[in-house]
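K.L.:
Structure in structure tokens, see below.
4 protein chains.
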Amino acid sequence: MGSTFGQLFRITTFGESHGGGIGVVIDGCPPKIDISEADIQRELDRRRPGQSKITTRRKEEDRCEILSGVFEGKTLGTPIAILVRNKDARPEDYVDLAKKFRPSHADFTYEAKYGIRNWQGGGRASARETIGRVAAGAVARKVLGALYAKIDIVAYVAQIAEVMATVDKSKVKVRDIDANIVRCPDAVAAKRMISLIEKTREAGDSLGGVIECVARNAPAGLGEPVFDKLEADLAKAMLSLPATKGFEIGSGFSATRMRGSEHNDAFEMRRGRVRTSTNYSGGIQGGISNGEEIYFRVAFKPTATIAREQKTVTQSHDETELAARGRHDPCVLPRAVPMVEAMAALVLCDHALRQRAINRNA
Amino acid sequence: MGSTFGQLFRITTFGESHGGGIGVVIDGCPPKIDISEADIQRELDRRRPGQSKITTRRKEEDRCEILSGVFEGKTLGTPIAILVRNKDARPEDYVDLAKKFRPSHADFTYEAKYGIRNWQGGGRASARETIGRVAAGAVARKVLGALYAKIDIVAYVAQIAEVMATVDKSKVKVRDIDANIVRCPDAVAAKRMISLIEKTREAGDSLGGVIECVARNAPAGLGEPVFDKLEADLAKAMLSLPATKGFEIGSGFSATRMRGSEHNDAFEMRRGRVRTSTNYSGGIQGGISNGEEIYFRVAFKPTATIAREQKTVTQSHDETELAARGRHDPCVLPRAVPMVEAMAALVLCDHALRQRAINRNA
Amino acid sequence: MGSTFGQLFRITTFGESHGGGIGVVIDGCPPKIDISEADIQRELDRRRPGQSKITTRRKEEDRCEILSGVFEGKTLGTPIAILVRNKDARPEDYVDLAKKFRPSHADFTYEAKYGIRNWQGGGRASARETIGRVAAGAVARKVLGALYAKIDIVAYVAQIAEVMATVDKSKVKVRDIDANIVRCPDAVAAKRMISLIEKTREAGDSLGGVIECVARNAPAGLGEPVFDKLEADLAKAMLSLPATKGFEIGSGFSATRMRGSEHNDAFEMRRGRVRTSTNYSGGIQGGISNGEEIYFRVAFKPTATIAREQKTVTQSHDETELAARGRHDPCVLPRAVPMVEAMAALVLCDHALRQRAINRNA
Amino acid sequence: MGSTFGQLFRITTFGESHGGGIGVVIDGCPPKIDISEADIQRELDRRRPGQSKITTRRKEEDRCEILSGVFEGKTLGTPIAILVRNKDARPEDYVDLAKKFRPSHADFTYEAKYGIRNWQGGGRASARETIGRVAAGAVARKVLGALYAKIDIVAYVAQIAEVMATVDKSKVKVRDIDANIVRCPDAVAAKRMISLIEKTREAGDSLGGVIECVARNAPAGLGEPVFDKLEADLAKAMLSLPATKGFEIGSGFSATRMRGSEHNDAFEMRRGRVRTSTNYSGGIQGGISNGEEIYFRVAFKPTATIAREQKTVTQSHDETELAARGRHDPCVLPRAVPMVEAMAALVLCDHALRQRAINRNA
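Read top to bottom, the protein sequences are chains A, B, C and D. Taking my numbering, the leading residue of the first sequence gets 4, the next gets one more, and so forth. Taking my numbering, the leading residue of the second sequence gets 4, the next gets one more, and so forth. Taking my numbering, the leading residue of the third sequence gets 4, the next gets one more, and so forth. Taking my numbering, the leading residue of the fourth sequence gets 4, the next gets one more, and so forth.
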């Protein structure tokens, strides 16, 4: 009972990696928002496997179908159901997994929790599950665009293993990010990242890294203290993504070494608006957006599925070894960029509607 | 509309720093759990201001009263309301705040969101709000203890600014943590931390740091994919605490530099149980606990309230300066230790009940 | 885990008939709404025991205290906690109840559910629990008044046992209702009702009846299909009140004998607005208000507590007899009028905020 | 944002009468429950149009597909998505409806709420929406059967217009109900009902009536005071069904004329169990089931769509007339029987899981 996210713009995802399909139902979308399957497909294509040489070679077309909630190109205010059929199943790749727990995967814990699992390709714990999120995120973006004309949410790869990028988060554009297959807008770092990913795949190993995300031109006033603070909901959204290990808002862990006098964001007037001279807060103070850029960082662990032999145990509790067959991502980050953006859009959209409910001018 | 936390063990907090009082209503607590005001008071005393020379000198007694839901020392299964009266109000300390926005505080954002705020002492954004959480956390611990006899949740200060502690998280005990006023179980580091805090206060400045928390002997099976993953709910819980900037589960950001072959936790059999040989996962895989130690780290920024003059603007948008009067914590971490533990207990308790709902053997 | 009501204007009540107190936390109230303890007290006084010769003679002052969420007479947008202390406890009246289940009361079912109960005066199942609802309803009315200047919610006693009133629901005013102690605006029927209640009390028996409620000048557009239809939420609200047995919206059960051609409400234009020529729908079509009067009826059973001897069993499963001591209402309806109004206001207020979230013009 | 129902066994429905399809996502279903498409199809066939001469002649096959959450015939504990494709669209039947509001339908209110509507065949307000409920209800029944071996939920037509049936609710069986096309187990009354429905259809008119439902062998202890009382959730569930106008639990409105001494259900011991000698309570006391039969009645209005000319207005606010073309039910009750059962099963299943969460022996 954890497949629903959001209070007012509320999504419920469904689907395993194998079976009839993957999808999402969005309840609470405002009416009369323009949306088409093409709007959704664009984002799905960014998360699709097989899109480049550094992602998994599985070819999944992932065509979406809007089943309900849209009429003549506009949302009805009723639930929007979106379905993506599963294809390209190669169950023979997974036959080992019926009996052996993959290290650092969810096989063991699903078994512990439910006493049953769909062992084909990860089942519900597969990253395929994020299709529903990305589809819903595309709708959330359209709603946000209708509410705040200039809002803009972009995520990018900021680090792969030891390779760090230098990015001006205030200026980076989607086209800079999608300019290369690793989705890092620093072209020099991108090249090194791509080469590192290729080498690591050849070595039968995998890599992690950091994705940064920035939301520009979000209004002040979003976030619902004390539990549904904006950064709290963003943290939950990000840590609910597969393979994530950490979250930082604004200054993040670097704040722990600063003094208050250094970290505080002084207020000043700029062009008639209250602004801050620095933005260590990451655009959120007291759990509520202040109109500055909202930015955060998400840590991803190296992909758990690797080609090398690893020690593990069987379902019947014998020790054994396992080497992944099948096709997998040596590094999830390039494909995780649209997932991070989608979750950020979902959080902001939900909070925008929540704020409108209590504030006529929001 | 963000003051409720949890799905089944559901708490709703209320109260501003000034006004009638602060408290919490716990709905969904199982019946027949032993609980007394003393159980709750013990935890409240650990978060209380004025408990040592390195905390704020405000004296708040913070006596709790159980208003409902407990009969003859046992929970009834009905809502448990707990109230702590506000005292020691010194509104003259805050009179400046009616007109000026404190930098990196919630004054400006509350005004932006609600168009009104209780400017006395921070209102709802005051850390006093956490009284309700700590009180509810004390009840959650009792429930967890009734469900899992050996479960144990401890948090401690692991870092203050540049001072790092060395702690064996598998063995650390509450008495080691409460052995000193900074709540750091590494006695040498603790001494340096205390001295740094005192010096910083004298300089009119403030400090941040890191709190680590470990839950030992939690069962496998807790966590509800895909959105209510255990680490996702922990992340939200922690980022909802005042002054937090980051969260790491298990390996956290350090995972981003590791290879999969290094980071994966191999399964092995130990004493007839499936165990992992390492625990980079932090006790959670695929969003569900695996029976290993659950551990995480929370970043706190330096206290925003400092005695030094800072630039800011007034409510009527004039630039001005502000120096905090009143009494405040130069470093929130010692008092935040029970808050982190409370939020962790609330998350685990909620997920324990959720797991019981679908699994008769849980 | 059932003491929270509403999605956006969300109330959580707490308290047993005996213990520290009874109250409510309202989360999600819009900011800057004028509210005072006097506004709340006025409604509480209408539900208070001991207000007339036909209600219970228990004297409960039921003074409310706003603990939080209001500052200088205006709501802050933060949770509003309201507390009413318990007084006038006469536990000796209840000592029998520790061991015997009162027929048609909740003693047996609370024991079955929780394995424990506060047997003093009904505990959580006491009608005292409705104090929190009535207090919250007073706040909801203020919010509704701020949103829709002319909205008006009135309930009245329409029937006591065999005595039926004749009331023009489009014109009835609060002062007509509160003009007599039975809260029936038909003065002739009221007289007969009062006399019937007095006679029945003397006979050691009790009475039920019907309360009607009408909301006038509510806007079109409230209600959230398909589950949170306006009549569905009203039905839940009313059936959650103690002693209720039935609910009818608009034509109700009488619709079952009508033909479609007779029951359909034809649309017509009146003063430039789309109106219906009849209103069998009760102001709601397809789960959404249509701008006509919203009216409904609630059936109340005769009070379960009666002075006569009744057969029952003890907690240790011996058959026995029981006659209520203590002071009780021979008929709950006069005091239930403000409860029905409060629940109606809560439902409408919640749906008003929900509609605002998706519709800027709402 | 009202298409989700239930707290732990939580369903979200989607779909308009025209468009890609209709369906439901069930989140929170316990794992390892046997379920097949055939189990679901059986119930869908009972609500299907075109099943007999007294229902609409629309032929809809309504084949369901389980998209996720089931593996090798057992539930996984993950969301169960069920899809039924829309077919047999005859948009030409509806072309008038784009411009005219059907009396006592949801056309006007959807327009008022959302500013847009799918006018083809009723869109989201079509009774086709209940497909998702009935499908989910079939799953809920399987869960209930796994928890309580002897539980049994049956509904039947008790009244059509003036024709009343005589039914022994303690003994009635599904095969008696499905023995005739009107789903009334009193064969004599059934015959009169069928003939009345046929005559009324010929006259271009429509009929309402009452459905009764009984749940036998449900355990004591289900229901969550004070708002989520079992009868409150049943009332909401029933009033959320299309065309419903009233709800009675147990004695219902007839209680309003009884005296307490008559209405109270005396406790007695029978076969070692606490039982009641009468059951005016309808199996629920204080909002919690007491182990007796849970029974309730639901009022349905006559179908709004009739062949006769009716007065109405156009979307552009001109007065006009409208006669339904297309194929419609002259009386919804026969097809509403499985809907009532489904909603009852959903409520009981949700409360069963809620009770298990707090009570290990439940």
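Built from N, CA and C at the ideal position, the CB exists for glycine as well. All values reported here derive from a predicted model rather than from experimental measurement.
Using a beta-carbon distance below 8 Å, is R144(D) in contact with chain B?
P.N.:
False, the Cβ-Cβ gap to chain B never drops below 8 Å.
K.L.:
When Cβ atoms are compared, which residues of the region 350-365 of chain D fall closer than 8 Å to chain B?
P.N.:
Result list: L356, R357, R359, A360, I361, N362 and R363.
K.L.:
Using a C-beta cutoff of 8 Å, does I134(D) count as contacting chain A?
P.N.:
With 8 Å as the cut-off, I134(D) does not count as an interface residue toward chain A.
K.L.:
Could you tell me which of G22(B), G76(B), V277(B) and A168(B) sits nearest to S292(B), measuring between CA atoms?
P.N.:
Selected option, being the one with the closest Cα: V277(B).
K.L.:
From which residue to which residue does the beta strand (DSSP E) around M4(A) run?
P.N.:
Careful: M4(A) lies outside any beta strand (DSSP E) and carries neither H nor E.
K.L.:
On the three-state DSSP scale, how would you describe R311(C)?
P.N.:
Looking at R311(C) - three-state DSSP - the assignment turns out to be coil, as it is neither helix nor strand.
K.L.:
For E324(A), which beta-bridge partners are listed by DSSP?
P.N.:
E324(A) pairs with K314(A).
K.L.:
Hey, G212(B) and M261(A) are a contact pair by Cβ (cut 8 Å); roughly how many whole angstroms apart?
P.N.:
With a Cβ gap of about 11 Å, G212(B) and M261(A) do not count as contacting.
K.L.:
In or out: F364(B) buried (at least 16 other Cβ within 10 Å) or exposed?
P.N.:
One point to set straight first is that residue 364(B) is Asn, not Phe, in the sequence displayed. N364(B) comes out exposed.
K.L.:
Using 8 Å as the threshold, is the C-beta distance between C1(D) and L47(D) below it?
P.N.:
Here chain D comprises residues numbered 4 to 365, so residue 1(D) is not present and cannot be evaluated.
K.L.:
I'd like the span of the beta strand (DSSP E) that includes L225(B), first residue to last.
P.N.:
Here L225(B) belongs to no beta strand (DSSP E), and DSSP marks it neither H nor E.
K.L.:
Could you check the C-alpha separation between H331(D) and T59(D) for me, to the nearest Å?
P.N.:
Cα to Cα, H331(D) sits roughly 4 Å from T59(D).
K.L.:
Between V177(A), A193(A), G140(A) and R131(A), which lies nearest to A161(A) when the distance is taken from Cα to Cα?
P.N.:
When each option's Cα is compared against that of A161(A), the closest is A193(A).
K.L.:
At the level of alpha carbons, what is the spacing between V340(B) and I214(B)?
P.N.:
Distance between the alpha carbons of V340(B) and I214(B) is about 7 Å.
K.L.:
Using the rule of at least 16 other Cβ atoms within 10 Å of the residue's Cβ for burial, across every protein chain shown, is E378(B) buried or exposed?
P.N.:
The question about residue 378(B) has no answer here: the residues shown for chain B are numbered 4 through 365.
K.L.:
Given that N293(B) touches chain A, what residues does it touch there, using C-beta distances under 8 Å?
P.N.:
F111, T112 and A115, listed in chain order.
K.L.:
Hey, K248(B) and G289(A): beta-carbon distance below 8 Å or not?
P.N.:
Going by C-beta atoms, K248(B) is not nearer than 8 Å to G289(A).
K.L.:
Between the Cα of F104(C) and those of D110(D), G124(D) and M272(D), spot the shortest distance and give me the residue it belongs to.
P.N.:
Measuring from the Cα of F104(C), the nearest candidate turns out to be M272(D).
K.L.:
Note down, in chain order, all residues in the region 223-243 of chain B with a beta-carbon under 8 Å from any beta-carbon belonging to chain D.
P.N.:
Those residues of the region 223-243 of chain B that come within reach of chain D (Cβ to Cβ, closer than 8 Å) are P228.
K.L.:
Whose CA, out of I25(A), H21(A), A307(A) and E114(A), lies closest to the CA of A246(A)?
P.N.:
Checking every option, the nearest Cα to that of A246(A) belongs to A307(A).
K.L.:
Do you know how far the Cα of L242(B) is from the Cα of D208(B)?
P.N.:
Looking at the two C-alpha atoms, the distance is approximately 23 Å.
K.L.:
Does V277(C) come within less than 8 Å of chain D when only Cβ atoms are used?
P.N.:
Closer than 8 Å to some Cβ of chain D, the Cβ of V277(C) qualifies, so yes.
K.L.:
Listing by chain order, which chain A residues have their CB less than 7 Å from the CB of E271(B)?
P.N.:
Going along chain A in sequence order, the residues near E271(B) (Cβ under 7 Å) are K314, V316 and E322.
K.L.:
Buried or exposed: which applies to K153(D), given that a residue is buried once 16 or more other Cβ atoms fall within 10 Å of its Cβ?
P.N.:
K153(D) comes out exposed.
K.L.:
Could you check the C-alpha separation between R49(A) and D189(A) for me, to the nearest Å?
P.N.:
So the two alpha carbons sit approximately 19 Å from each other.
K.L.:
Please state whether DSSP places R186(D) in a helix, a strand or coil.
P.N.:
Of the three classes helix, strand and coil, the one that applies to R186(D) here is coil, per DSSP.
K.L.:
Going along chain A in order, which residues have a C-beta closer than 9 Å to the C-beta of L11(C)?
P.N.:
Ordered by position in chain A, the residues that pass the 9 Å Cβ test against L11(C) are Q10, L11, R357, A360 and I361.
K.L.:
Is the number of C-beta pairs between the region 10-28 of chain D and the region 138-155 of chain D that are closer than 8 Å three or more?
P.N.:
A contact exists between the region 10-28 of chain D and the region 138-155 of chain D.
K.L.:
Can you tell me where the beta strand (DSSP E) with K239(A) in it begins and where it stops?
P.N.:
K239(A) -> not in any beta strand (DSSP E); alpha helix (DSSP H) instead, spanning L233 to L242.
K.L.:
Note down the Cα distance separating H354(C) from D65(C), rounded to an integer number of angstroms.
P.N.:
So the alpha carbons of these two residues sit roughly 29 Å apart.
K.L.:
Whole angstroms is fine: what's the gap from S107(B)'s alpha carbon to K232(A)'s?
P.N.:
Roughly 15 Å between the two C-alpha positions.
K.L.:
Could you check the C-alpha separation between G9(A) and T112(D) for me, to the nearest Å?
P.N.:
Between G9(A) and T112(D), the C-alpha separation is close to 26 Å.
K.L.:
Exposed or buried, what is K174(D) when buried is set at 16 or more other beta-carbons lying within 10 Å of its beta-carbon?
P.N.:
The residue in question, K174(D), is exposed, as its Cβ has fewer than 16 Cβ neighbours within 10 Å.
K.L.:
In chain order, what residues of the region 55-79 of chain C put their CB closer than 9 Å to some CB of chain B?
P.N.:
Against chain B - using a Cβ distance shorter than 9 Å - the residues of the region 55-79 of chain C are E68, I69, L70, S71, G72, V73, F74, E75, K77, T78 and L79.
K.L.:
Using the rule of at least 16 other Cβ atoms within 10 Å of the residue's Cβ for burial, across every protein chain shown, is L191(B) buried or exposed?
P.N.:
According to the sequence as given, residue 191(B) is Val; it is not Leu. Classification of V191(B): exposed, given that the 10 Å Cβ count is below 16.
K.L.:
Got a sec: is the Cβ-Cβ distance from P52(A) to anything in chain C below 8 Å?
P.N.:
Not one chain C Cβ lies under 8 Å of P52(A).
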